[in-house]
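Colleague:
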Amino acid sequence: MSHLQRRLSLCSLLLALTLRASSRASAQKELPPLAAHTGWVGGVAFGPGEKPLLATASADKTAILWELPARKARATLRGHTDVVCAVAFAPAGRHLATGSFDGTARLWDGPTGKTVHVLRGHRGAVTTVAFGPAGKVLATGGVDGTIRLWEASSGKEKASLTGHRSWVNGVTFSTDGKRLASASSDGTVKLWDVDRRKVSATLPGKDGEVRCVALSPDGKTVAAGLRYGSVRAWAVETGKERAAFKAHDGDVWAMTFAPDGKTLLTGGGDWNRPGKVRLWNATTWKALATLEHTGEVLAVAVSPDGKLVAAGSWDKTVKVWEASKLLGR
293 MSHLQRRLSL CSLLLALTLR ASSRASAQKE LPPLAAHTGW VGGVAFGPGE
343 KPLLATASAD KTAILWELPA RKARATLRGH TDVVCAVAFA PAGRHLATGS
393 FDGTARLWDG PTGKTVHVLR GHRGAVTTVA FGPAGKVLAT GGVDGTIRLW
443 EASSGKEKAS LTGHRSWVNG VTFSTDGKRL ASASSDGTVK LWDVDRRKVS
493 ATLPGKDGEV RCVALSPDGK TVAAGLRYGS VRAWAVETGK ERAAFKAHDG
543 DVWAMTFAPD GKTLLTGGGD WNRPGKVRLW NATTWKALAT LEHTGEVLAV
593 AVSPDGKLVA AGSWDKTVKV WEASKLLGR
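Residue numbering for the sequence shown follows my numbering, starting at 293 and increasing by one per position.
#1: Would you grab the beta carbon distance between Ala-451 and Thr-464 for me? Rounded to a whole angstrom, and I think it's under 8 Å.
#2: How should Gly-500 be labelled, buried or exposed, when 16 other C-beta atoms within 10 angstroms of its C-beta is the threshold for buried?
#3: Can you list, in chain order, the stretches of the beta strand (DSSP E) that have 3 or more residues and sit fully within the stretch 594-618?
#4: From the DSSP output, in three-state form, read off Gly-341 for me.
#5: By the DSSP assignment, the beta strand (DSSP E) with Glu-529 in it spans what residues?
#6: When the Cα atoms are used, what is the spatial distance from Val-610 to Val-333?
#7: Please list the segments of the beta strand (DSSP E) lying wholly inside the stretch 388-434, counting only runs of 3 or more residues, in order along the chain.
#8: Does the distance from the C-beta atom of Ala-378 to that of Ser-392 stay below 9 Å?
#9: Can you check whether the CB of Pro-596 is closer than 9 Å to the CB of Gly-341?
#10: When the Cα atoms are used, what is the spatial distance from Val-418 to Leu-495?
#11: For the beta strand (DSSP E) that contains Ser-477, what are its first and last residues?
#12: Taking only runs that begin and end inside the stretch 526-589, name each unbroken alpha helix (DSSP H) of 4 or more residues, in chain order.
#13: Chain C beta carbons: is any one of them nearer than 9 Å to that of Ser-474?
#14: Just how far apart, CA to CA, sit Trp-572 and Lys-428?
#15: Confirm, please, whether the CB-CB distance from Ala-516 to Val-502 is below 9 Å.
#16: Taking the beta strand (DSSP E) that Thr-373 falls in, what are its first and last residues?
#17: For Ala-317, count the other beta carbons within 10 Å of its own beta carbon; 16 or more makes it buried, fewer makes it exposed. Which is it?
#18: Going straight from the alpha carbon of Thr-438 to that of Asn-461, what length do you get?
#19: By how many angstroms is the C-alpha of Phe-537 removed from the C-alpha of Thr-432?
#20: Within a Cβ cutoff of 8 Å, which residues of the same chain sit near Gly-521, ignoring the five residues on either side of it in sequence?
#21: Kindly identify the DSSP beta-bridge partner or partners of Asp-485.
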C-alpha cells in the first residue's frame, strides 16, 4: 500500500468514526432539564395526542403539567397534603390521576388543573396509579397491599383486589384491558384477570422486592424491576422466564416498554449517586444505550409517538431526551 493509499484509508476511518459518534450523539439529544419541583420526582407520564403534555409528580406535594419542547409549565396541580409519588394520563381525553402518601388518589381535569374526584379507600400511601386502555377504569395500589379499581367517571370504587402480602409498588394494564400486572415488596409479580377479579398467575421475583412492572404492548411479555438492580421477564401465557439480568447498580425503580414493544427502558441507581436510564432489546435482552441522569432515576416514560424519553429523579429534576433514533422512530 502506497503512502497516499494509507493516508486515504486513515482519513476514511476517521470520517467513519466521526459520523458514528455524531449519530450516537444525535440519537440521544438531551433537552434542558425541568427543575421547577422542590422535592424528588417519583412519577412522570406523557399524555395522549400529537403534542402530548408531560406530567411530573413530586415530594413537594404537587404535580406539574409541562408543554414540550417549550418546557413551559401549563399548570401546577395542588390539593394533596403529602408526597405525590405517582401520575398517569387517561389514554384519551383530558383527565389524569395522581397517587399520594396522604392516602388518596385524585382525578384531575388536565386543561384546568382542577380536582374532579378524590378517591379514598386505601389504608396508607397510594404508591401507583394506572388507567385501563379505554380510560374508564383506574387502578391504584398502596402500602396496604391492595389494588383498587375505580370508575373514572364517578370516582366510585368498583373492586378491591387482595393477594399481595406487602406494598404494591406498581400496576399496569394490558392494551386490551383484560389483564392487570402488579409488582409488590412481597417479592412477586401477579397477573390478574380483570373481569373475574382473580389472580391468574404469581411470578416469583427471587431477588427480593419488586419495585416496578411493565407489560409489552402485544401482551406477551411481563417484565419486572427488582431491588439490587436486577430485571426479570416472563411469558404471560405460560409463566416461563424469558430473561434475568443485572440492569443497574442500585434498585430498578422504574420501567416501561417503548410503544412498538421492541425496547424495554429501565431507570435506577443509588440515592446519592447519578442514575441512569438504560435501553434493552426486548427480544435478545442486550443493552442498546444508556442515558445519564444527574440523580437516582425514580420514574421513566416514553411519549406515545416514541420520540421522547423522560425521567424523574431524586435530585428534584426531570430530564428529557429526544431519542427517536434510539427507539427506531
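Glycine included, every Cβ here is placed at the ideal spot set by N, Cα and C.
Modeller: In short:
#1: With 8 Å as the limit, Ala-451 and Thr-464 do not qualify as a contact, their Cβ atoms being about 17 Å apart.
#2: Gly-500 should be labelled exposed.
#3: Runs found: 600-605 and 610-614.
#4: Assigned with DSSP and collapsed to three states, Gly-341 falls in coil, not helix or strand.
#5: Unbroken run through Glu-529: none, as it is neither H nor E.
#6: Distance between the alpha carbons of Val-610 and Val-333 is about 7 Å.
#7: Segments of the beta strand (DSSP E) lying fully in the stretch 388-434: 396-401, 406-412, 418-423 and 429-434.
#8: Closer than 9 Å, so yes.
#9: Result yes, Cβ atoms of Gly-341 and Pro-596 sit closer than 9 Å.
#10: Whole-angstrom Cα-Cα distance: 23 Å.
#11: That residue, Ser-477, is in no beta strand (DSSP E); it is neither H nor E in DSSP.
#12: Here no run is fully enclosed.
#13: No chain C appears in the structure shown, which is made up of a single protein chain.
#14: Looking at the two C-alpha atoms, the distance is approximately 32 Å.
#15: Contact flag set, yes.
#16: It is not in any beta strand (DSSP E) - Thr-373 carries neither H nor E in the DSSP assignment.
#17: Residue confidence for Ala-317 is low, a pLDDT of 40 falling below 50, so the modelled location carries little weight; the figure read from the coordinates is stated next. Ala-317 sits exposed, since fewer than 16 C-beta atoms from the chains shown fall within 10 Å of its C-beta.
#18: CA-to-CA, the gap between Thr-438 and Asn-461 works out to about 10 Å.
#19: Rounded to the nearest angstrom, the two C-alpha atoms are 28 Å apart.
#20: Cβ within range, chain order: Lys-538, Ala-539, His-540, Asp-541, Gly-542, Asp-543, Val-544 and Gly-560.
#21: Among the bridge pairs identified by DSSP, Asp-485 is matched with Arg-471 and Lys-490.
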